[in-house]
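The opening residue of the sequence shown carries number -9 in the numbering used here; numbering runs sequentially from there. C-beta atoms are modelled at their ideal positions from N, C-alpha and C, and glycine is treated no differently. Below you'll find the structure, written out as structure tokens, and then a few comments.
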Amino acid sequence: MLIKECIGGYKIECETGNYYFSPKNIDKGTLLMLSKVQVTNEDKVLDLGCGYGVVGIYIAKIIGEDKVVMSDISDEAIRLTNNNLKRNGFDKVRVIKSDGLKNIVDNDFTMIISNPPYHSDFSVAKSFIENGFKKLLLNGKLIMVTKRYDWYKNKITAVFGGVKTYEKDGYYIFVAEKRKMYVEKRKNNKKSISKKLRRKYEKK
């Protein structure tokens, strides 16, 4: 199955399959999320849970393929993404098979973009959010789209210290920034916990 779409003035052509999420057209939530994404040539972007590759391909068309990394846990997603990159004229984008961010060694992303599997439990999204924070540079952004609000807002706020939320047509787009003040706060919290643990073990 082949879909063709024009996003932000860029033509994108992707092979999909019936076993894939939104196989006949690009998911509306993804399109709404991309409408909130602003990138420059200074950015380095991770398309986390890339599926058949729409987000990463779109970003590569704007800032260049050497500044984009794409990942997914599925072998079939990796195959489709590689095929679709070639279909759209790219051969230098790094595509990594990874369970969440486990195989992502880079720690210098300015942006992580994800449309997580929100029809499952929250364990995948929890991993994306917590580990995504670690992989972002200071002032880097996590951008997510879901159809669920409360859990995502609370979780992202707990990890990042705050989040901007946009709602349209039943979708929620979350934009969170890794800020220096909250990075230092998290470090201080860890130090405080470790001191308490040390005192606990010293008493034994």
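Nonlocal neighbours in the same chain, by C-beta distance under 7 Å from residue i, ignoring five residues either side
| i | result |
| --- | --- |
| Lys57 | Asp33, Lys34 and Val35 |
| Trp141 | Phe112 |
| Val149 | Ile119, Glu120 and Phe123 |
| Lys82 | Glu55 and Asp56 |
CA nearest to the CA of residue i, picked from the options
| i | options | result |
| --- | --- | --- |
| Asn129 | Phe118, Asp159, Thr20 and Gly152 | Gly152 |
| Ser104 | Leu70, Ala50, Val45 and Asn74 | Val45 |
| Asp17 | Tyr0, Asn31, Gly43 and Gly(-1) | Gly43 |
| Lys51 | Lys116, Tyr0, Val114 and Ile119 | Tyr0 |
| Asp37 | Glu(-5), Ser88 and Glu66 | Ser88 |
| Lys131 | Arg77, Lys154, Glu167 and Phe80 | Glu167 |
Opposing strand residues paired with residue i [DSSP bridges]
| i | result |
| --- | --- |
| Ile103 | Asp37 and Ile133 |
| Lys76 | DSSP lists no partner for Lys76. |
| Val58 | Val35 |
| Ile163 | Val135 and Tyr156 |
| Tyr0 | Ile(-3) |
| Lys87 | Asp62 |
| Leu(-8) | Glu5 |
Beta-carbon separation (whole angstroms), residue i vs residue j, contact threshold 8 Å
| i | j | result |
| --- | --- | --- |
| Ile53 | Val85 | In fact, because the Cβ distance is near 17 Å, the residues do not count as touching under 8 Å. |
| Cys4 | Ile(-7) | 5 Å |
| Lys125 | Asn93 | The Cβ separation is near 12 Å, so there is no contact. |
Neighbourhood of residue i by C-beta distance below 8 Å, restricted to the same chain and skipping five residues each side
| i | result |
| --- | --- |
| Met171 | Gly151 |
| Gly90 | Leu38, Ile63, Val114, Ser117, Phe118 and Asn121 |
| Asn73 | Glu5 |
| Lys197 | A question about residue 197 goes unanswered here, because the residues of the chain that appear run from -9 up to 194. |
Chain-order list of residues whose beta-carbon lies under 6 Å from that of residue i (same chain, five-residue window excluded)
| i | result |
| --- | --- |
| Val95 | none |
| Ala67 | Gly41 |
| Val135 | Gly19, Met23, Asn105, Tyr161 and Ile163 |
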